[in-house]
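Structure first, commentary second.
Residue numbers (the numbering used here): 17 to 489.
Right under this line is the structure:
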């Protein structure tokens with residue numbers, strides 16, 4: 017996991033669209049139909065999760081599933097506008113009827129991603145344990161990265177739609193690869209297609225969904241002030257080795273406005289006993305009128321059973337023209353408690369210096385970062401390990417970075433190992449993001465008024481159109 021502020025700066029292309037999105041011709045009345053499937057489930061409640069909180073709130077359209085597991089959501093007005101921009105959640109209560117097993121004895125949830133982000137065009141949205149695994153992971157990523165949203169915000173933000181689509185595609189691929197199935201099968205009605213193998217596998221996942229639902233409810237009780245919590249049990253391979261046996265893991269996530277904690281543990285096959293800690297991460301952010309500060313700790317278990325420990329520290333001024341620094345260090349320890357006790361002094365620190373310039377409208381106009389693989393090159397050890405002094409920081413400590421030009425055209429490396437500069441601009445309704453780096457590569461991404469985009473890259477005087485940014489490298 018990377019810091020939210022740090023990640024936003026390191027994005028390869030920044031498009032700050034607010035009015036794009038898709039077609040605004042959504043009818044004022046429409047109907048969403050789908051199926052609740054483990055076996056076909058009747059007596060469950062399907063709803064359009066307009067505010068992305070995973071719970072049925074007053075005013076959100078809902079319907080019960082019938083004896084065939086089908087739900088029909090009648091949408092009008094603003095709800096109809098949300099048809100493609102909100103996930104569908106199905107609450108399966110105790111007492112619902114599963115066509116395979118009869119009466120449901122443990123409650124759980126199923127979910128289906130926002131329709132705009134997937135390729136499936138089926139009239140009936142097959143909402144299954146597989147679609148639930150895909151969307152639950154993506155939604156948790158959005159919360160962790162500070163992109164928790166509502167239908168209205170998502171519909172108005174094309175760049176966020178692009179981000180969700182990309183995250184969903186990546187998660188579809190991971191799940192399909194993890195379980196040796198196709199992406200198309202993730203969204204299939206495996207009962208109607210008589211896919212007995214996939215049907216049986218989906219049934220194996222339900223105990224994990226049931227435990228996830230139960231533990232998430234308990235976690236809300238334990239952390240009543242948190243704005244988002246979840247527990248997910250999933251089958252997988254920790255090291256993704258071909259010969260590694262699949263095992264159960266438990267992931268717990270608790271988020272507050274300015275902090276979050278995530279932990280993954282191995283689980284016993286019956287999901288009753290908590291095993292070895294496999295990963296741990298935490299984020300804490302502090303901000304005021306003068307500064308933004310964020311620190312992230314990551315721990316992950318390696319093949320030799322040692323723990324890889326990473327810390328990212330981000331400190332930025334709050335000014336129209338501002339400077340920032342990112343410190344990163346890595347260590348290896350046998351015990352989690354030893355990971356961060358020595359602070360930044362224990363390891364070689366990678367340090368990155370940032371510049372940012374905002375225009376008169378408050379939009380980010382240009383920014384840059386210069387990466388120093390050894391902080392001693394930059395000579396700013398005073399900007400490392402600031403956590404204990406947050407209350408004394410006022411941003412002036414970063415003025416020592418003003419030797420770095422904020423000019424987008426500047427190509428000085430300032431003894432950095434690498435650098436990159438970005439510029440955002442508007443031209444007759446189009447938004448253009450341009451960047452160039454220490455390797456002489458230029459990339460220009462244009463978001464057109466109709467919501468499409470184009471990419472060109474190469475040497476400055478010989479850029480060529482490409483289909484994706486990945487082809488530029």
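Yeah, the Cβ is synthetic: ideal placement off N, Cα and C, and Gly gets one too.
Same chain only: Cβ atoms within 8 Å of residue i, ignoring 5 sequence neighbours per side
| i | result |
| --- | --- |
| residue 475 | 456, 457 and 458 |
| residue 470 | 461, 462, 464 and 481 |
| residue 111 | 59, 119 and 120 |
Start-to-end residues for the alpha helix (DSSP H) that takes in residue i
| i | result |
| --- | --- |
| residue 157 | 145–160 |
| residue 190 | 174–195 |
| residue 393 | 391–394 |
| residue 200 | 199–202 |
Cβ shell of residue i (< 6 Å), same chain only, five flanking positions each side left out
| i | result |
| --- | --- |
| residue 163 | none |
| residue 460 | 450 and 472 |
| residue 300 | 275 and 311 |
| residue 267 | 248 and 280 |
| residue 228 | 247, 248 and 249 |
| residue 293 | 281 |
| residue 35 | Annotation note: pLDDT 35 at residue 35 (below 50); position unreliable, coordinate value reported separately. Counting only Cβ-Cβ distances below 6 Å, and skipping sequence neighbours, we find nothing. |
Residue i - DSSP class collapsed to helix/strand/coil
| i | result |
| --- | --- |
| residue 482 | strand |
| residue 458 | strand |
| residue 325 | strand |
| residue 93 | helix |
| residue 166 | coil |
| residue 267 | strand |
| residue 132 | helix |
| residue 332 | strand |
| residue 468 | coil |
| residue 52 | strand |
| residue 57 | strand |
| residue 404 | helix |
| residue 297 | strand |
| residue 409 | coil |
| residue 422 | coil |
| residue 72 | coil |
| residue 101 | coil |
| residue 229 | helix |
| residue 260 | coil |
| residue 171 | helix |
Own chain, CB closer than 7 Å to residue i, minus 5 neighbours either side, in chain order
| i | result |
| --- | --- |
| residue 144 | 53, 126 and 218 |
| residue 445 | 465 |
| residue 181 | 133 |
Whether residue i touches residue j by CB criterion (8 Å)
| i | j | result |
| --- | --- | --- |
| residue 410 | residue 307 | yes |
| residue 83 | residue 64 | no |
| residue 311 | residue 327 | yes |
| residue 277 | residue 295 | no |
| residue 490 | residue 233 | Because the chain in this structure spans residues 17 to 489, residue 490 falls outside the shown range and cannot be described. |
| residue 343 | residue 381 | no |
| residue 387 | residue 371 | no |
| residue 102 | residue 130 | yes |
| residue 108 | residue 149 | no |
| residue 85 | residue 105 | no |
| residue 60 | residue 89 | no |
| residue 385 | residue 435 | yes |
| residue 289 | residue 325 | no |
| residue 55 | residue 207 | yes |
| residue 142 | residue 236 | no |
| residue 264 | residue 285 | yes |
| residue 165 | residue 158 | yes |
| residue 398 | residue 413 | yes |
| residue 415 | residue 421 | no |
| residue 417 | residue 345 | no |
| residue 226 | residue 122 | yes |
Beta-ladder partner(s) of residue i, from DSSP
| i | result |
| --- | --- |
| residue 496 | Here the chain covers residues 17 to 489 and nothing more, so residue 496 does not appear. |
| residue 126 | 106 |
| residue 220 | Looking at the DSSP assignment, residue 220 forms no beta bridge with any residue, so it has no partner. |
| residue 382 | 373 and 439 |
| residue 302 | 309 |
| residue 290 | 283 |
| residue 434 | 387 |
| residue 88 | 49 |
| residue 368 | 342 and 387 |
| residue 63 | 78 and 105 |
Residue range of the unbroken beta strand (DSSP E) whose run includes residue i
| i | result |
| --- | --- |
| residue 242 | Where residue 242 is concerned, there is no enclosing beta strand (DSSP E), given that its DSSP letter is neither H nor E. |
| residue 120 | Careful: residue 120 lies outside any beta strand (DSSP E) and carries neither H nor E. |
| residue 416 | Where residue 416 is concerned, there is no enclosing beta strand (DSSP E), given that its DSSP letter is neither H nor E. |
| residue 314 | 307–317 |
| residue 79 | 78–80 |
| residue 446 | 446–453 |
| residue 347 | 337–349 |
Distance cut-off 7 Å: residue i Cβ against heavy atoms of the ligand GDP
| i | result |
| --- | --- |
| residue 192 | Annotation note on the ligand GDP: not contained in the displayed structure, which lists no ligands. |
Cβ of residue i within 8 Å of any chain B Cβ
| i | result |
| --- | --- |
| residue 287 | Judged by its chain identifiers, the structure shown contains no chain B, having just a single protein chain. |
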